[in-house]
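Take a look at the structure below.
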Amino acid sequence: MLALTFPPINELIRWRDIFPGLNKVGLIALIAAVLGIIIFMTAGTKDPLKAPSGVRNLAESGVTFIENDIVMQTMGRDGLAWTPFLLSIFIFVYLCNVPGIIPFFQMPATARMAIPLFLALVVWVIYNVVGFKHNGLGYIGGMVWPKGVPVFMRPLVGVIEFLSNIILRPFSLAVRLFANMLAGHMLLITFAFLTNALVFAETKKLFLIPLSILPFFMLVFLTAFEVLVGLLQAYIFTILTAVYIDAARHPVH
Amino acid sequence: MEAIARLIADTNPVQTPSEAKAANAAIGAGFAYGLAAIGPGVGIGYVVGKAIEAMARQPEAAGMVRTTMFLGIAFTEALALIGFVVFILLGL
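Residue numbers (our numbering), protein chains in the order written: chain A, 68 to 320; chain B, -18 to 73.
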C-alpha cells in the first residue's frame, strides 16, 4: 500500500532533445526572448500621441513599474538610464517563470541552473565593469580596505566584503531564482502525483477516489501561488540587480 | 517512501554499504532542509512583521518600506534555499 515511489529528479526536469541542441527548456527560453522582443517592438511602433491601448498599454505599465518601483526606489533619478536593461531582465525572467503553470509547457525555464547562472554572470560582469568605470582601481581598494570602518576591523570587513562582492552575490542571485522555481515545480509535481496515485491506486479501494480531492485542491491553490512566485522572483532578481549596480557606483556608504 | 515501505515490510534488514550510504544520505537530506528552514522562517517572519508595523504607522512610506522588505526577505531566504539545494543534491 505504501509502495509509492517518487520519480527521480532527473526524470522530472530533464527533457529529450526536440532536435539536437534544443530541448523543451531551451525552447521555452527562446519563446520568452522572442515574445518579449515582439511585444515591445509592436508597442514601439504605435503612435505615442494617442491614448495607449492594447500592447502599448502593457508595455507602458511595465516601463512605469520598473521606473517607479525599482529604479527610483534603489538608484534614484540618475539611475533612470538603466531602465532598459532592468526591463529586459525583468521581462525575460518573468516570461521564463510563467510557463511553469501554463498547460502543456508545465516547466519554468529558470528551474534549470543554466539560465539563472547565465543571467547572474551577466549581472556580475556589468556591476563590476560599472564599479571600475566609476571608481577606477579604487573600486577594489574600497572593497578590501573599506573607509568608514574602524582600522582594526578593516581586514576582517575587507575579506567579507570582497568575498560577498565577487563570489557570494552572483551565486546567491542565481541560486535564489533557480531554487525558488525548482521548489515550486516540485511542489506542483508532488500534488499532481498524489492525486494521480489516489485515483488510480492499485488496491482499487473506492474510498481513495473521493480522498483525491484533497491533494487536488492543494494543487489548484499552489498553481495560484506559483503565479505570485513567478512575478515576485522576477521582481526580486531585478531589484537586486539594481541594488548591486547602485552599490558599485557609490561604494562608500 | 520506499524507505518507509521497507521499514514496515522488514523484508531485507541486511544492508549493503551502498544501501546504508543511501539511507544515511536520505536522513541527512531531511535534516539539512529542516534545520536550514528554522532560521530563515523566524527571520522572514520578523522582517515582514516589522515592515507591516512600519506601514501601519506611516502609510505614506509604504512603497519604500515594501521595497526594502522584499530586499530583506531575499537576503534572509537565501539560506533556506541553499539548504533546499543541498537537500536535492543529497536526497533525490
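All C-beta atoms in this analysis are idealised placements derived from N, C-alpha and C, irrespective of residue type, glycine included.
Do residue i and the ligand FMN come close, with the Cβ less than 7 Å from some heavy atom?
i: valine 46(B); result: This structure simply doesn't include the ligand FMN, nor any ligand for that matter.
Is the distance from the Cβ of residue i to the Cβ of residue j below 8 Å?
i: isoleucine 106(A); j: alanine 126(A); result: yes
i: alanine 10(B); j: phenylalanine 68(B); result: yes
i: glycine 129(A); j: leucine 154(A); result: yes
i: alanine 13(B); j: leucine 71(B); result: yes
i: proline 237(A); j: leucine 188(A); result: yes
i: leucine 255(A); j: leucine 286(A); result: yes
i: proline 213(A); j: glycine 225(A); result: yes
i: valine 46(B); j: alanine 32(B); result: yes
i: threonine 49(B); j: aspartate 136(A); result: no
i: phenylalanine 172(A); j: proline 166(A); result: yes
Between residue i and chain B, is there a C-beta pair that is closer than 8 Å?
i: glutamine 140(A); result: yes
i: tyrosine 302(A); result: yes
i: serine 128(A); result: no
i: aspartate 313(A); result: no
i: leucine 307(A); result: yes
i: valine 160(A); result: no
i: serine 239(A); result: yes
i: aspartate 136(A); result: yes
i: isoleucine 105(A); result: no
i: valine 266(A); result: no
i: arginine 236(A); result: no
i: asparagine 232(A); result: no
i: alanine 250(A); result: yes
Out of the options, which has the shortest C-alpha to C-alpha gap to residue i?
i: asparagine 164(A); options: Pro151(A), Phe152(A), Ala178(A); result: Ala178(A)
i: methionine 253(A); options: Phe267(A), Pro175(A), Leu188(A), Pro115(A); result: Pro175(A)
i: phenylalanine 51(B); options: Val29(B), Glu34(B), Leu70(B), Ala37(B); result: Val29(B)
i: alanine 96(A); options: Met180(A), Val216(A), His317(A), Thr72(A); result: Met180(A)
i: isoleucine 280(A); options: Val160(A), Val190(A), Asn263(A); result: Asn263(A)
i: alanine 160(A); options: Asn90(A), Leu255(A), Ala241(A), Pro277(A); result: Residue 160(A) is actually valine in this sequence, not alanine. Taking only the C-alpha atoms, the option nearest valine 160(A) is Ala241(A).
i: glycine 103(A); options: Phe152(A), Ile227(A), Val266(A), Glu293(A); result: Phe152(A)
i: leucine 249(A); options: Phe284(A), Ile80(A), Asp136(A); result: Ile80(A)
i: asparagine 232(A); options: Phe284(A), Phe283(A), Ala110(A), Tyr311(A); result: Tyr311(A)
i: tryptophan 191(A); options: Val296(A), Val92(A), Leu235(A); result: Leu235(A)
Please decide whether residue i counts as near chain A, where near means a Cβ-Cβ distance under 8 Å.
i: glutamate 58(B); result: yes
i: methionine 50(B); result: no
i: methionine 36(B); result: no
i: valine 67(B); result: no
i: alanine 55(B); result: yes
i: glycine 15(B); result: no
i: glycine 44(B); result: yes
i: isoleucine 19(B); result: no
i: isoleucine 8(B); result: no
i: leucine 62(B); result: yes
Could you compute how far the alpha carbon of residue i sits from the alpha carbon of residue j?
i: phenylalanine 260(A); j: asparagine 247(A); result: 20 Å
i: valine 138(A); j: leucine 223(A); result: 32 Å
i: glycine 208(A); j: threonine 141(A); result: 24 Å
i: alanine 196(A); j: methionine 210(A); result: Note that residue 196(A) is valine in the sequence shown here, rather than alanine. Distance between the alpha carbons of valine 196(A) and methionine 210(A): 14 Å.
i: asparagine 124(A); j: leucine 307(A); result: 26 Å
i: glutamine 39(B); j: phenylalanine 258(A); result: 41 Å
i: leucine 16(B); j: glycine 146(A); result: 40 Å
i: lysine 117(A); j: threonine 131(A); result: 17 Å
i: leucine 94(A); j: isoleucine 169(A); result: 14 Å
i: threonine 112(A); j: arginine 144(A); result: 27 Å
i: histidine 201(A); j: aspartate 313(A); result: 11 Å
i: proline 183(A); j: asparagine 90(A); result: 17 Å
i: alanine 37(B); j: glycine 88(A); result: 53 Å
i: arginine 83(A); j: tyrosine 194(A); result: 36 Å
i: leucine 298(A); j: alanine 99(A); result: 14 Å
i: glycine 121(A); j: proline 115(A); result: 13 Å
i: glutamate 134(A); j: threonine 150(A); result: 6 Å
i: proline 21(B); j: glutamate 78(A); result: 30 Å
i: lysine 93(B); j: leucine 186(A); result: What is shown of chain B runs -18 to 73, which leaves residue 93(B) out entirely.
i: arginine 243(A); j: lysine 272(A); result: 42 Å
i: glutamine -4(B); j: phenylalanine 73(A); result: 22 Å
i: valine 294(A); j: glycine 251(A); result: 10 Å
i: phenylalanine 267(A); j: valine 296(A); result: 31 Å
i: glycine 203(A); j: glutamate 41(B); result: 39 Å
i: leucine 265(A); j: isoleucine 76(A); result: 21 Å
Does residue i have its Cβ less than 8 Å from a Cβ in chain C?
i: serine 120(A); result: Here the protein chains are A and B, and chain C is not one of them.
| request: Please confirm if the segment 298 to 308 of chain A is in contact with the segment 44 to 62 of chain B, defined as three or more CB-CB distances below 8 Å between the two stretches. | output: yes
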